[in-house]
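In our numbering, each residue's number is its place in the sequence shown (first place is 1) plus 514.
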Amino acid sequence: MLNKILISCLSLFLSLSAFAQEDKTKTGTKTEKIGDLNVVIDSTALREPINPLDPARAAFYSAVLPGLGQAYNKKYWKIPIVYGALGAGVYFYTSNNKNYKRVRNAYKRRLAGFTDDEFQGRLTDDGLLERQKTFRRNKELSLLITVGLYALNIIDANVDAHLLQYNVDDNLSFKPHYKIDKFDRTGSLGLTMNLKLD
């Protein structure tokens with residue numbers, strides 16, 4: 515059950531960056547009035563300058579306080595998911611740690627000769643040892659997954675900041691075209707890549 519919940523939280527957190535891409539271009543056009551018509555003379559793309567330190571700053575903020583890098587990237591909807599994932603990891607760690615200590619203390623009391631522990635009649639000494647191993651393994655796994663989710667929070671903020679600066683404009687485009695040959699009247703289909711350097 516613990517593994518299924520943690521794997522679900524992890525895969526939900528990994529899929530968050532799928533919607534991170536935004537278009538940051540603004541088109542500017544220069545028009546000239548000729549008679550009654552407005553004719554477009556020049557079309558340019560005005561892009562916001564790329565700040566190469568933004569991804570590092572977002573990652574640093576997420577390392578200092580989980581969710582702060584997501585707030586820096588203006589992805590506020592990710593903050594509850596970050597805290598939910600980290601909170602679930604901490605909850606499972608503390609729960610397994612508490613159960614591990616209960617079973618360990620009961621086993622120590624049995625070794626000392628006491629017969630008044632809470633597991634008396636339900637678990638043998640070997641059963642207590644097996645439970646100890648299980649709770650310790652689950653505790654260590656919960657800690658490892660929590661640290662992994664913390665690192666994933668930092669990676670998500672960094673990648674999201676990179677994707678916010680991703681250049682998506684008309685200066686780079688693929689356009690299909692159909693061309694008819696004038697001599698033998700046959701058509702050909704092609705794909706053109708346009709790269710406009712300003």
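Every residue gets a Cβ at the ideal spot worked out from N, C-alpha and C, and that includes glycine.
Just to confirm the assignment: which complete beta strand (DSSP E) runs, minimum length 3, are found wholly within the region 561-591? none
Are the Cβ atoms of LEU625 and PHE633 separated by less than 8 Å? no
Who are ILE669's beta bridge partners in DSSP? Note: ILE669 sits in no beta bridge, so no partner.
Whole-angstrom distance between GLY601 and ASP640, CA atom to CA atom: 33 Å
Is THR638 close to the ligand MN? I mean its beta-carbon at under 7 Å from any heavy atom of the ligand. With respect to the ligand MN, the structure shown offers nothing to examine, as it has no ligands at all.
Considering just the uninterrupted stretch of the alpha helix (DSSP H) at THR608, what are its terminal residues? 593-625
Flag this pair as yes or no: are the beta carbons of ALA675 and PRO566 separated by less than 8 Å? no
Is the separation between the beta-carbon of ALA599 and that of ASN587 shorter than 8 Å? no
Give every residue of the same chain whose Cβ lies closer than 6 Å to the Cβ of PRO690, excluding the five residues on either side of it in the sequence, and list them in chain order. LEU705
Of the listed residues ALA671, GLY603, VAL578 and ARG623, nearest to LYS589 (C-alpha basis): ALA671
Smallest Cα separation from GLU654: which of VAL604, ILE595, VAL578 and GLY583? VAL604
To the nearest angstrom, how far is the alpha carbon of VAL673 from that of SER576? 12 Å
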